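Novice: Input: one structure, supplied below.
Number of protein chains: 4
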Amino acid sequence: MKSAILEAAEDLIAANGLSGAPLAQIAKRAGVAVGTLYNYFADRDALIAALFEMRRATLRPRLRAAVTAGEGLAFEARVRAFVREVFAAFEAHRKFIKVAIETEHHRLTPGTTAKDLMSTIDELVKIGAKEGIVAAERSELLAIAMTGALKALVLRRISSNAKLDDAEADGLVSLLLDGARA
Amino acid sequence: MKSAILEAAEDLIAANGLSGAPLAQIAKRAGVAVGTLYNYFADRDALIAALFEMRRATLRPRLRAAVTAGEGLAFEARVRAFVREVFAAFEAHRKFIKVAIETEHHRLTPGTTAKDLMSTIDELVKIGAKEGIVAAERSELLAIAMTGALKALVLRRISSNAKLDDAEADGLVSLLLDGARA
Amino acid sequence: MKSAILEAAEDLIAANGLSGAPLAQIAKRAGVAVGTLYNYFADRDALIAALFEMRRATLRPRLRAAVTAGEGLAFEARVRAFVREVFAAFEAHRKFIKVAIETEHHRLTPGTTAKDLMSTIDELVKIGAKEGIVAAERSELLAIAMTGALKALVLRRISSNAKLDDAEADGLVSLLLDGARA
Amino acid sequence: MKSAILEAAEDLIAANGLSGAPLAQIAKRAGVAVGTLYNYFADRDALIAALFEMRRATLRPRLRAAVTAGEGLAFEARVRAFVREVFAAFEAHRKFIKVAIETEHHRLTPGTTAKDLMSTIDELVKIGAKEGIVAAERSELLAIAMTGALKALVLRRISSNAKLDDAEADGLVSLLLDGARA
DNA sequence: TATGAATGAGTTTTCATTCAT
DNA sequence: AATGAATGAAAACTCATTCAT
Numbered sequence: 012m013k014s015a016i017l018e019a020a021e022d023l024i025a026a027n028g029l030s031g032a033p034l035a036q037i038a039k040r041a042g043v044a045v046g047t048l049y050n051y052f053a054d055r056d057a058l059i060a061a062l063f064e065m066r067r068a069t070l071r072p073r074l075r076a077a078v079t080a081g082e083g084l085a086f087e088a089r090v091r092a093f094v095r096e097v098f099a100a101f102e103a104h105r106k107f108i109k110v111a112i113e114t115e116h117h118r119l120t121p122g123t124t125a126k127d128l129m130s131t132i133d134e135l136v137k138i139g140a141k142e143g144i145v146a147a148e149r150s151e152l153l154a155i156a157m158t159g160a161l162k163a164l165v166l167r168r169i170s171s172n173a174k175l176d177d178a179e180a181d182g183l184v185s186l187l188l189d190g191a192r193a
Numbered sequence: 012m013k014s015a016i017l018e019a020a021e022d023l024i025a026a027n028g029l030s031g032a033p034l035a036q037i038a039k040r041a042g043v044a045v046g047t048l049y050n051y052f053a054d055r056d057a058l059i060a061a062l063f064e065m066r067r068a069t070l071r072p073r074l075r076a077a078v079t080a081g082e083g084l085a086f087e088a089r090v091r092a093f094v095r096e097v098f099a100a101f102e103a104h105r106k107f108i109k110v111a112i113e114t115e116h117h118r119l120t121p122g123t124t125a126k127d128l129m130s131t132i133d134e135l136v137k138i139g140a141k142e143g144i145v146a147a148e149r150s151e152l153l154a155i156a157m158t159g160a161l162k163a164l165v166l167r168r169i170s171s172n173a174k175l176d177d178a179e180a181d182g183l184v185s186l187l188l189d190g191a192r193a
Numbered sequence: 012m013k014s015a016i017l018e019a020a021e022d023l024i025a026a027n028g029l030s031g032a033p034l035a036q037i038a039k040r041a042g043v044a045v046g047t048l049y050n051y052f053a054d055r056d057a058l059i060a061a062l063f064e065m066r067r068a069t070l071r072p073r074l075r076a077a078v079t080a081g082e083g084l085a086f087e088a089r090v091r092a093f094v095r096e097v098f099a100a101f102e103a104h105r106k107f108i109k110v111a112i113e114t115e116h117h118r119l120t121p122g123t124t125a126k127d128l129m130s131t132i133d134e135l136v137k138i139g140a141k142e143g144i145v146a147a148e149r150s151e152l153l154a155i156a157m158t159g160a161l162k163a164l165v166l167r168r169i170s171s172n173a174k175l176d177d178a179e180a181d182g183l184v185s186l187l188l189d190g191a192r193a
Numbered sequence: 012m013k014s015a016i017l018e019a020a021e022d023l024i025a026a027n028g029l030s031g032a033p034l035a036q037i038a039k040r041a042g043v044a045v046g047t048l049y050n051y052f053a054d055r056d057a058l059i060a061a062l063f064e065m066r067r068a069t070l071r072p073r074l075r076a077a078v079t080a081g082e083g084l085a086f087e088a089r090v091r092a093f094v095r096e097v098f099a100a101f102e103a104h105r106k107f108i109k110v111a112i113e114t115e116h117h118r119l120t121p122g123t124t125a126k127d128l129m130s131t132i133d134e135l136v137k138i139g140a141k142e143g144i145v146a147a148e149r150s151e152l153l154a155i156a157m158t159g160a161l162k163a164l165v166l167r168r169i170s171s172n173a174k175l176d177d178a179e180a181d182g183l184v185s186l187l188l189d190g191a192r193a
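Structure (structure tokens):
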């Protein structure tokens, strides 16, 4: 029930944005009465927060796992493994990822998947810097650029109904580590 | 008067988001009565649209100029010049740029500065591909990544009250063309 | 509840006209909150339309019945029966009849009781023409005049709190069929 | 100037009703600024009232004249002359007559042409009664019916862009005095 | 006198939240 | 727990009226 409600909310937010998902519509789509929403969530904000936290609870472990996935490998291979894992995780939650990226700057969605992605990438880049693979003075920039590039790529692919596969992941990693020159 | 209203709207949207700027507050901050807003804009949507179009009218020529800024130069220098120009333009409109990037996916803000940036970068990357500097098979990815990285960097700097200067621009270009390796 | 709201609207419109019945007053008189109105009607226009349609649904069958009331009788007797029935029906809905006649030409009230009356009278007059009782070349005029005269008489009686009884009906029919000469 | 404003108001009211004629539109159509309206009329109500009074000032004398038009003639001829005169007067002010009849029951238009018509007809009918032509017990009814029938006929003809000529007038008089029988 | 931008009270409309069943 | 009608505060919108120029 709770998750049926959250899925209904997710659908509507994905389609119409955060302010295009009134409780009446969420309830209708979830097949329950409005009043029922209040048996599961204190208020609208809490419902939205719960949606983001539910997905976060699923995605954060996978992001964490993605960091450790390539442990022992050379840095490039490790980053490649990381991005492949991230893409796989996002692929499994396309609708929410769209929502998470699009509403990233909204008051109601602080500290959610977008932030988790950022901090995970930070962590990974620091490893590269410590290993001397990534130029120290470029590491902050790399982290920011990688996060931005990844989100842009993901959103693009989701919006055009294209897959997020390993080739896509490898391409992004090559670009960021070796540049775009021919 | 019209622009005082739009600036008030910009301030409020920058502070509280698109749905955190009721007409009563906009009017108050602009120092006019609510009714006055309707002397200048058909309705709330039109006011918001006008804000984005006003800034767009200022920024688009600068983005276009940024593309031609480095004409004749080698591609890397040209991209460098482009990003420096873009940063200079964004620096002059920090508040709006924050708003434009944060609300990029909102129903009320289609075809605005964020799109102009994307298409401008597209154009530039195509030149690099034609010149053989950018690997053809990487050009789409480069355009997406560059747009995403640039927006992420800009937003980060604006949010932390840091400048968007030439050094920042050069760093981003190096990263994208040559990669992050030490 | 729905009909309490419509009755409140009817009262206010009868007293102050269509534009003298704001939703706040309708709600107050109906003993509900303003928001409640929107649980029953899409918007103000829909509420007004519903009022006219509700009464129409009641009155139209009675007008139809009035046409058949005198079937088999000689034409004059038939018309007499018709007008008596109409008066009885109107008598039972004085307040609405007042509203319906007074707002007959308003944008929000097309195709309502006033039109039904007109078309019903048309039908009846055609019967009289076919039977040769009414001069063919006078039938259109008779229909128009009868409708106008009937509405004027009804409105007059309602406004002066006078009854609409059989004598009144018979008087009108005599006048229209035989003229006013002594 | 004043009459240009009143004509603009008349046009708009004829087209959209009393509540479909905001001052801004009236001013625009009259080719003046809103503020100017207040140099000629105390407020909106006064403007509307002035429109009705201006026309009334023109029409009332013609209605009065219509009563005396047939003095000396036999009653039927006199009524015929009266209705012909009325039709001629109304024909010359079709737009206003439409407005006057349609808004007859509005708060802002008491004691105007519609009432003048009624009282004029009353007067005429009384003459017929005194002369013994109209049955005394039918005179009130005749007056009401004649007024209603006349207004209905006029409105019908104006709405369908048909003329109000002498034949039309004669037809109405015959109907009311002699009835519709073949 | 003419102008038309500015005003703000009045009205409509939305929607999260409550609560009796 | 589930329901959904009722609520009313907040927001959008309209328009007669004012007033500085």
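Protein chains in written order, with the working numbering: chain A, 12 to 193; chain B, 12 to 193; chain C, 12 to 193; chain D, 12 to 193. Heads up, the beta-carbon is just placed ideally off N, CA and C, and yes, glycines get one too. All values derive from a computational prediction rather than experimental measurement.
Compare the C-beta of His104/C with all C-beta atoms of chain D and state if any pair is closer than 8 Å.
Specialist: False, the Cβ-Cβ gap to chain D never drops below 8 Å.
Novice: Output the boundary residues of the alpha helix (DSSP H) element that contains Leu84/A.
Specialist: Note, Leu84/A: premise wrong, no alpha helix (DSSP H); not H, not E.
Novice: Assess, as a yes-or-no matter, whether the stretch 173-187 of chain B is touched by the stretch 141-155 of chain A under the definition of 3 or more beta carbon pairs within less than 8 Å.
Specialist: The stretch 141-155 of chain A is in contact with the stretch 173-187 of chain B.
Novice: Could you name each continuous alpha helix (DSSP H) segment of 4 residues or more that falls completely within the stretch 90-140 of chain C, going from the start of the chain to the end?
Specialist: Here the runs fully enclosed are 105-113.
Novice: Looking only at its own chain, which residues have a Cβ that is under 8 Å from the Cβ of His117/C, when we skip the five neighbours before and after it?
Specialist: Correct list, in chain order: Leu29.
Novice: Buried or exposed for Met157/A, please, with buried defined as at least 16 other CB atoms from any protein chain shown within 10 angstroms of its CB.
Specialist: By the neighbour-count rule (16 or more Cβ atoms within 10 Å), Met157/A is buried.
Novice: Could you check the C-alpha separation between Gly46/A and Asp54/A for me, to the nearest Å?
Specialist: Near 11 Å, if we compare the C-alpha coordinates of Asp54/A and Gly46/A.
Novice: Can you tell me whether Arg168/C is buried or exposed, with buried defined as 16 or more other CB within 10 angstroms of its CB?
Specialist: The residue is buried, with at least 16 neighbouring Cβ atoms inside 10 Å.
Novice: How about Leu48/D and Ala60/D: are their beta carbons less than 8 Å apart?
Specialist: No. Outside cutoff.
Novice: Pick out whichever of Thr131/C, Leu188/C, Arg192/C has its Cα sitting closest to the Cα of Ala85/C.
Specialist: Selected option, being the one with the closest Cα: Leu188/C.
Novice: Can you list, in chain order, the residues of its chain whose CB lies under 6 Å from that of Lys109/B, leaving out five sequence neighbours each side?
Specialist: Excluding residues within five positions, the ones whose Cβ falls inside 6 Å are Ala25, Ile169.
Novice: Taking Cβ positions only, does Ala160/B come closer than 8 Å to chain A?
Specialist: Output row for Ala160/B: interface = yes.
Novice: In this structure, what does DSSP give as the bridge partners for Arg192/B?
Specialist: Per DSSP, Val145/A.
Novice: Classify Thr131/B as buried or exposed, calling it buried when 16 or more other Cβ atoms lie within 10 Å of its own Cβ.
Specialist: Buried is the call here.
Novice: Determine the chain D residues that contact Val145/C at a beta-carbon separation under 9 Å, and present them in chain order.
Specialist: The contacting residues are Ala191, Arg192, Ala193.
Novice: Within 10 angstroms of its Cβ, does Thr79/B collect 16 or more other Cβ (buried), or is it exposed?
Specialist: Exposed: under 16 other Cβ atoms inside 10 Å.
Novice: If the cut is a Cβ gap below 7 Å, which residues of chain D does Ser30/C touch?
Specialist: Ser30, listed in chain order.
Novice: Taking 8 Å as the threshold (C-beta atoms), are Ala100/A and Leu70/A in contact?
Specialist: Cβ distance < 8 Å, so Leu70/A and Ala100/A count as in contact.
Novice: What's the call for Gly111/C, buried or exposed, on a 16-neighbour Cβ count within 10 Å?
Specialist: Strictly speaking, residue 111/C in this sequence is Ala, with Gly absent from that position. With 16 or more other Cβ atoms within 10 Å, it is buried.
Novice: Using the Cα positions of Val97/C and Asp22/C, report the straight-line distance between them to the nearest angstrom.
Specialist: Cα to Cα, Val97/C sits roughly 22 Å from Asp22/C.
Novice: Note down, in chain order, each residue of its chain lying with its Cβ closer than 8 Å to the Cβ of Ile138/B, except the 5 sequence neighbours on either side.
Specialist: Once the five neighbours on either side are set aside, the close Cβ partners of Ile138/B are Phe86, Arg89.
Novice: Straight-line CA distance for Arg95/C to Asp133/C?
Specialist: Roughly 17 Å between the two C-alpha positions.
Novice: Against Gly81/A, what residues of chain B qualify as contacts under a CB-to-CB distance less than 8 Å, listed in chain order?
Specialist: What Gly81/A touches in chain B: nothing, since even the nearest Cβ is about 17 Å away.
Novice: Am I right that Gly81/C and Ala92/C are in contact with their C-beta atoms under 8 Å? What's the rounded C-beta distance?
Specialist: Correct: roughly 4 Å between the Cβ atoms.
Novice: At a Cβ cut of 7 Å, what residues of the stretch 116-140 of chain A count as close to chain B, listed as they run along the chain?
Specialist: Answer set for the stretch 116-140 of chain A: His116, His117, Arg118.
Novice: For Ile155/C, go through chain D and note every residue whose CB falls closer than 8 Å to its CB, in chain order.
Specialist: Ala160, Ala163, Leu164, Arg167, listed in chain order.
Novice: Give the interface partners of Leu188/A over in chain B, defined as CB-CB distance under 7 Å, in chain order.
Specialist: In chain order: Gly190, Ala191, Arg192.
Novice: Under DSSP, the alpha helix (DSSP H) around Asn50/C begins and ends at which residues?
Specialist: Looking at the DSSP string, the run of the alpha helix (DSSP H) that includes Asn50/C is 45-51.
Novice: Relative to the alpha-carbon of Ala41/A, which residue among Asp56/A, Glu18/A, Gly159/A, Tyr51/A has its alpha-carbon at the smallest distance?
Specialist: Taking only the C-alpha atoms, the option nearest Ala41/A is Glu18/A.
Novice: Would you please verify whether the beta carbon of Glu113/D is less than 8 Å from any beta carbon of chain C?
Specialist: Glu113/D counts as touching chain C.
Novice: Look up Leu175/D in the DSSP assignment and say whether it is helix, strand or coil.
Specialist: Leu175/D falls in the coil class under three-state DSSP.
Novice: Hey, would you say Gly159/B sits closer than 8 Å to Lys162/A, going by beta carbons?
Specialist: Yes; because the gap between Cβ atoms is below 8 Å, this pair is in contact.
Novice: If you reduce the DSSP assignment to three classes, tell me which class Asp54/B lands in.
Specialist: Asp54/B falls in the coil class under three-state DSSP.
Novice: To the nearest angstrom, how far is the alpha carbon of Arg67/C from that of Thr124/B?
Specialist: When rounded, the distance between both Cα atoms is 55 Å.
Novice: State yes or no: is the C-beta of Asp127/C within less than 8 Å of the C-beta of Leu175/C?
Specialist: Contact flag unset, no.
Novice: Could you run through the stretch 172-185 of chain D and flag, in chain order, every residue whose CB is less than 9 Å away from some CB of chain C?
Specialist: The stretch 172-185 of chain D vs chain C, Cβ under 9 Å: Glu179, Gly182, Leu183, Ser185.
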